[in-house]
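I have placed the structure first, in the form of structure tokens, so that the comments after it can refer back to it.
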Amino acid sequence: MTDFTVWETAPFGATIDHILLRYHDVHRGQFKELVPLAQKVAEVHADSFPAEVPELLAYMQNELLMHMMKEERMLFPMIKQGVGRGAAMPINVMMHEHEEHDQAVAKLLELTNNLTVPENACGSWTRLYTLAREMVDDLTNHIHLENEILFPRVLAS
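Quick note on the UniProt record's numbering: the sequence shown kicks off at 1 and runs consecutively.
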């Protein structure tokens with residue numbers, strides 16, 4: 001887990017800028033590679049690769065892209081403008097969507113035996129699970145930073 005203490009007192013704008021660079025931009029890049037890689041591995045290893053994984057990753061990508069767009073276009077500008085508790089409704093929506101992201105991650109981990117690379121897996125399969133682990137860890141930290149630090153601070157301001 002990352003050290004989030006700096007964000008407990010940082011200005012909201014700095015926290016948001018960090019989220020955009022460290023998580024939003026990174027997630028876009030991760031899924032840009034993850035989805036086609038999962039499709040490739042599923043085709044090559046149709047007999048042993050969990051068939052639901054490519055569709056699940058594509059679903060996660062679409063949901064996360066829509067979620068981040070809402071934050072970038074609506075919620076984050078509201079927070080930067082200092083609306084405080086006036087952002088309660090969009091924050092509640094984002095937190096609900098975070099729960100859905102957590103459920104999708106749980107399903108991914110279930111389908112992939114906690115992203116355990118099988119013996120004799122090819123390089124693509126290994127790369128897929130390595131990148132998926134990075135994405136899961138980043139998404140977990142991203143959600144933690146928003147749910148446990150940024151959003152409570154905004155609602156208390």
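Glycine included, each C-beta is placed from N, C-alpha and C at the ideal position.
- Contact between the region 6–23 and the region 121–129 is not established, with fewer than three Cβ pairs separated by less than 8 Å.
- With a 10 Å radius around the Cβ and a threshold of 16 neighbouring Cβ atoms, Thr15 comes out buried.
- Around the beta carbon of Pro77, fewer than 16 other beta carbons lie within 10 angstroms, which makes this residue exposed.
- The beta carbons of Leu111 and Glu52 sit closer together than 8 Å.
- A contact between stretches requires three or more CB pairs, one per stretch, nearer than 8 Å, and the region 31–42 fails this requirement with the region 68–87.
- Taking all protein chains shown into account, Val44 has fewer than 16 neighbouring C-beta atoms within 10 Å of its C-beta and is therefore exposed.
- With contacts defined by Cβ atoms closer than 8 Å, Leu145 and Arg85 do not form a contacting pair.
- Of the candidates Asn147, Val26, Ser157, the residue whose Cα lies closest to the Cα of Asn92 is Asn147.
- Per DSSP, reduced to three states, the secondary structure at Gly82 is coil, with no helix or strand assignment.
- Exposed is the label assigned to Ala88, since fewer than 16 other Cβ atoms lie within 10 Å of its Cβ.
- The Cβ-Cβ distance between Ala104 and Met68 does not fall below 8 Å.
- Of Pro118, His96, Gln39, Glu71, the smallest CA-CA separation from Asp17 is found for Glu71.
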